[in-house]
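What follows is a set of notes on a single structure, which appears directly below.
There are 6 protein chains.
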Amino acid sequence: MAKKASKSNVLPYAAGNRGGAGEKPPGSGVPRQDDTGVMALNLPPAQLSPAMEAYFKKCEEKLGFVPNVLLAYAFDNAKLEAFAAFYNDLMLAPSGLSKLEREMIAVVVSSQNRCYYCLTAHGAAVRVYSGDPALGELMAMNYRAARLTKKQRAMLDFAVKVTNASSQIEEEDREALRRAGFTDRDIWDIAAVAGFFNMSNRIASATDMRPNAVYHGQGR
Amino acid sequence: MAKKASKSNVLPYAAGNRGGAGEKPPGSGVPRQDDTGVMALNLPPAQLSPAMEAYFKKCEEKLGFVPNVLLAYAFDNAKLEAFAAFYNDLMLAPSGLSKLEREMIAVVVSSQNRCYYCLTAHGAAVRVYSGDPALGELMAMNYRAARLTKKQRAMLDFAVKVTNASSQIEEEDREALRRAGFTDRDIWDIAAVAGFFNMSNRIASATDMRPNAVYHGQGR
Amino acid sequence: MAKKASKSNVLPYAAGNRGGAGEKPPGSGVPRQDDTGVMALNLPPAQLSPAMEAYFKKCEEKLGFVPNVLLAYAFDNAKLEAFAAFYNDLMLAPSGLSKLEREMIAVVVSSQNRCYYCLTAHGAAVRVYSGDPALGELMAMNYRAARLTKKQRAMLDFAVKVTNASSQIEEEDREALRRAGFTDRDIWDIAAVAGFFNMSNRIASATDMRPNAVYHGQGR
Amino acid sequence: MAKKASKSNVLPYAAGNRGGAGEKPPGSGVPRQDDTGVMALNLPPAQLSPAMEAYFKKCEEKLGFVPNVLLAYAFDNAKLEAFAAFYNDLMLAPSGLSKLEREMIAVVVSSQNRCYYCLTAHGAAVRVYSGDPALGELMAMNYRAARLTKKQRAMLDFAVKVTNASSQIEEEDREALRRAGFTDRDIWDIAAVAGFFNMSNRIASATDMRPNAVYHGQGR
Amino acid sequence: MAKKASKSNVLPYAAGNRGGAGEKPPGSGVPRQDDTGVMALNLPPAQLSPAMEAYFKKCEEKLGFVPNVLLAYAFDNAKLEAFAAFYNDLMLAPSGLSKLEREMIAVVVSSQNRCYYCLTAHGAAVRVYSGDPALGELMAMNYRAARLTKKQRAMLDFAVKVTNASSQIEEEDREALRRAGFTDRDIWDIAAVAGFFNMSNRIASATDMRPNAVYHGQGR
Amino acid sequence: MAKKASKSNVLPYAAGNRGGAGEKPPGSGVPRQDDTGVMALNLPPAQLSPAMEAYFKKCEEKLGFVPNVLLAYAFDNAKLEAFAAFYNDLMLAPSGLSKLEREMIAVVVSSQNRCYYCLTAHGAAVRVYSGDPALGELMAMNYRAARLTKKQRAMLDFAVKVTNASSQIEEEDREALRRAGFTDRDIWDIAAVAGFFNMSNRIASATDMRPNAVYHGQGR
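Chains as they are written, first to last, in the numbering used here: chain A, 1 to 220; chain B, 221 to 440; chain C, 441 to 660; chain D, 661 to 880; chain E, 881 to 1100; chain F, 1101 to 1320.
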């Protein structure tokens, strides 16, 4: 194992410390990235329904926090309910895709769209579900560099084409998924998850939604 | 010198048949575009809940047909309910944006993504809501060529940036909307509608969803 | 749970007014799209030659109007004559491509370039020549979603590559057309029509050329 | 002045010849680029009209050769006549743009489209008209690196936007040209020349048109 | 503080566990991402010079490992020496840019190019130099979402333009840096670091270079 | 052979001189492109080491001039030495790629990035090494139009993918090179040369580096 990194030995491939006298210290003047707000829109929270109150409570108990995306939607209880129902059906209901696979799609799509919120929250989910921090990094950085089964790779290639060139999808793209072992129902689910994060990424970026800071350390 | 215009071939864009002897008739061999199926995935319809049965019945009564997007989701009653609730809140609930403005965003986003289903269905909505067929065409073809108020143009510019470059949206983009007269709640709604059609366009294209043929003639 | 569909807001895409009290009427404040001018450049018409006067007269008689593109060129009789001769040879002279096929190329290219003038004028031509309104819409919205013969699809794929990536065309692209049944002369014609609308689209957009309003309703 | 380049001293910034024994000689195995054909389509020449015969004869007399683009069109006399008339009006008729300026637009557009034929033929024209070989290279390589008047730069920026993003041109783009000193007629001419080479580039690339070899050395 | 994440509570915003019986466990079947090799090219290590042997030894002592990029170059001692000298001058020699700032440029450029190796190795450096894990994530995911000084933002905007549109850089881009407080020497350094990672990213991706696994956990 | 070009006969395919009285002469008002400076940054030259002084002297003797890129680096002797060592190893050391092939990669990459400095300097090198001016033009204008061996074409296709889409390179791209006859060492060299010019192009464009004027005429 490598030693614990400290400021004195992180230089990626230094032959020695060549910094002369008077050199600025490495980190001088870069503001700390404290994600304290929820988003850039000023929308006061609405009165939540009992169902939504219970939902937030359950988040606190099971996760230790309410994800900021839910706080963002809390300015309107009807929108919050509709979003939560839609999201939970998509990502948690039974499917031919495992929850990890759905999270992998979420992160790969969010990487194409460079969405800070979703890469952070769902990157954490991939790390925790898989128990493999490198897998989360690969999905966020460049899924093409990951070691995947052919079936998983076909799934992610389709999700990326859905993201970047949906108008060019044709029957041969769906056929490629069928040949890889996916059913028509699975194809719907891949399209639906990829589609959803193309929505979520855009709403998060348009409103500058900030991820809960706790995600950064999860599953490392 | 230019060729002198002669009787048999001078008229551009004419509807009449001016083909000479031996010329192939204009439309020979192009298949008729009958949109009879709902989508390219073979997903048998599920048993619908009474609420969804009533919903489909109401569509038949008021529209004369059930929109194919609803038939596409009907393979799973829970997904259909979640989609309908999410959609109806987004497009029909009270908002600082009129229903026409939300439909204009829908069409402009769908034009960026070249989604046949959504351009057809929501292009019809713009024509009918506005009573102006040319407005529907302009939203579908090139919204930059339309005569719009500065506020509407700012709204559509933001929706297009949300569509094509969401990771580059920053506070100055939101400020531009505020200066144009939009509230933070309006900004959410613009982002949410634009985001939604970035999802819908992709699911429709990924599954080759076909619009009900009746849309083509609405509002002409 | 999804929201139960309620009476007042369940119908997507409906033409009826279902806005609640206080809601802005759907179309409030969107300017009417009256295409009255010809283009954004102020160029007084020149004295036309007798041949061009006769040509405009014939347009009036057979079409009921002079296409605005011709009025746009009318500031200079020599340019008008050269354009008309070049255009009429291209689109109306005998060719292995039917007039409808040439119009399909025109619309597909214009869709790539999002040219309002050409999509409107030539979309009408596709609808009228084919007698199939949906075919016109598909060419304008996303030709990849159309049901076409393999030969027609190869023709349009080549036209789109000519439009978007002409520097990447190589012998294998021409070979694909030959395998689909096109002669070398046909290949010239496909390239020439695709090339022409890449010119026309740009001149129309650069000058904000407006289509005659009558096109919108033709062939619906 | 620099010495004449020879194989032994062209190494751009070599500290010495480090090539070891057995090193492949620099140019081994690269085929010579002889542009002997006219294009990749096999279209036998048609019987030319007396006007076109005279035109070709004049080219031979004044240029020493017939440009290959004319030979390419010679499979159909009507097309050749229409092309020659359209081209000569565009590039040689009186205009607020000098012939050099029109050629500069031609080369800058052809650079965006990476058209070998047009870059070669019109790059030569820029070199000869201007007497400045570097100007031709800059137009072909990166016009943004050239020293130009503000007016010329505005002209080329417009031509490039016409080439790459014509659907985004709006009144403010035309206003920028007017502020730079162009009349509405000049704006038409800029758009028309830029549009034309967007056609020509595509036809040349689609047919693999080859420039007459003599162009390479002109104006060096 | 949030509780430690475990598989039972990471669901980002779940209302409950809706997975039914027979649901696939989340992570089934995704291969573990073990980065054991150095790169995809099979190049046996060369005999290293004493200087390079000492350099590798120092890496082992100070970092606990030899960065894989150095092992990749070790097939040729001359290339290794040239690379190490070039790299160490660039990133460690005195400069108006702090080492952290140079690493920030490295990560932002690598994010544009989606280079797994460089995002991993230099993302770690940003985390460690700054002591702020979120800063590293923001540089890798979307630097536009980071809280930065205007000067740092100008630096990164220039580095991104150097990466994505270098041919469009003009004097006004350099002027913007000068106005932000950078000297001409600083501008060289920004360009040089941005340029270098545009090289490194491409060599790493072209050879499938794999980051040492230890980087993933550094500075979290 | 064609006659020597003069202003009176260069019109590419003119049917005659149609310029009327009062027409602006072709080249009026276009500034001469004198590349007198080295770059846009004002960095005074440093004291050079004896090795670098000797290097510059050798350039003067063998080339007749010191390439401007070396003068650009001369503000810092350490950077100049590191650059020269790195460059000379890359382009001149023994390799499975000939020097001409390395220069072809340099020009093709520089064409993708539209770098005036590198296209000029390395375009000259291709012309001189190959003795074929057209080859230099083709590499700079559109390498896909060149007549190349399959192996050379595979090499350049890889270099272009390294340039434009490095994150999408996968094992099948390397396999294609191996099938074309390249060793793993050759693949490194292609990647390294392509990578290097992606750096150099960006530094040159970011600093507006100007090529020595003498390059323009070399090898014509």
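Idealized CB from N, CA, C, for every residue including glycine.
Every value quoted in this text rests on a predicted model; they were computed, and no experiment measured them.
Determine the closest residue to residue i out of the options, with distance taken between C-alpha atoms.
i                      : options                    : result
residue 702 (chain D)  : C:575, C:627, C:524        : C:627
residue 1262 (chain F) : F:1246, F:1292, F:1227     : F:1292
residue 598 (chain C)  : C:585, C:571, C:612        : C:612
residue 544 (chain C)  : C:609, C:592, C:535, C:497 : C:592
residue 108 (chain A)  : A:96, A:62, A:60, A:123    : A:123
residue 534 (chain C)  : D:748, D:738, D:744, D:749 : D:738
residue 639 (chain C)  : D:824, D:795, D:876        : D:824
residue 553 (chain C)  : C:600, C:538, C:570        : C:600
residue 590 (chain C)  : C:566, C:622, C:575, C:557 : C:622
residue 289 (chain B)  : B:405, B:356, B:257        : B:257
residue 40 (chain A)   : B:389, B:400, B:416        : B:389
residue 542 (chain C)  : C:565, C:499, C:496, C:551 : C:565
Using a Cβ cut-off of 8 Å (strictly closer), state whether residue i contacts chain C.
i                     : result
residue 855 (chain D) : yes
residue 405 (chain B) : no
residue 698 (chain D) : no
residue 253 (chain B) : yes
In terms of residues, what are the limits of the alpha helix (DSSP H) holding residue i?
i                      : result
residue 1233 (chain F) : 1233-1241
residue 1000 (chain E) : 996-1010
residue 828 (chain D)  : It is not in any alpha helix (DSSP H) - residue 828 (chain D) carries neither H nor E in the DSSP assignment.
residue 968 (chain E)  : 957-972
residue 990 (chain E)  : 979-993
residue 508 (chain C)  : 508-513
residue 197 (chain A)  : 184-206
From the beta carbon of residue i, is the nearest beta carbon of chain B less than 8 Å away?
i                     : result
residue 832 (chain D) : no
residue 581 (chain C) : yes
residue 647 (chain C) : no
Look at residue i and residue j and say whether their C-beta atoms are less than 8 Å apart.
i                      : j                      : result
residue 971 (chain E)  : residue 119 (chain A)  : no
residue 726 (chain D)  : residue 1200 (chain F) : no
residue 845 (chain E)  : residue 1019 (chain E) : Look at the range of chain E in this structure, 881 to 1100, and you will see that residue 845 (chain E) is not part of it.
residue 387 (chain B)  : residue 206 (chain A)  : no
residue 586 (chain C)  : residue 428 (chain B)  : no
residue 1074 (chain E) : residue 1302 (chain F) : yes
residue 693 (chain D)  : residue 1232 (chain F) : yes
residue 789 (chain D)  : residue 1126 (chain F) : yes
residue 969 (chain E)  : residue 1146 (chain F) : no
residue 354 (chain B)  : residue 524 (chain C)  : no
When you compare the CB of residue i with every CB in chain D, is at least one pair closer than 8 Å?
i                      : result
residue 1047 (chain E) : yes
residue 901 (chain E)  : Note on residue 901 (chain E): pLDDT 45, under 50, position unreliable in the model; no value is reported.
With a threshold of 8 Å between beta-carbons, can residue i be considered close to chain E, or not?
i                      : result
residue 213 (chain A)  : yes
residue 1168 (chain F) : no
residue 53 (chain A)   : no
Cβ of residue i less than 8 Å from any chain A Cβ?
i                      : result
residue 584 (chain C)  : yes
residue 1013 (chain E) : yes
residue 1097 (chain E) : yes
For chain F, check one thing: does any of its Cβ atoms lie closer than 8 Å to the Cβ of residue i?
i                      : result
residue 1082 (chain E) : yes
residue 690 (chain D)  : yes
So with Cβ pairs under 8 Å, would you call residue i a contact of chain I?
i                      : result
residue 1214 (chain F) : In summary, chain I is missing from the structure at hand, where the protein chains are A, B, C, D, E and F.
Curious, which full-length alpha helix (DSSP H) runs of at least 4 residues does the stretch 1120-1166 of chain F contain?
1150-1163
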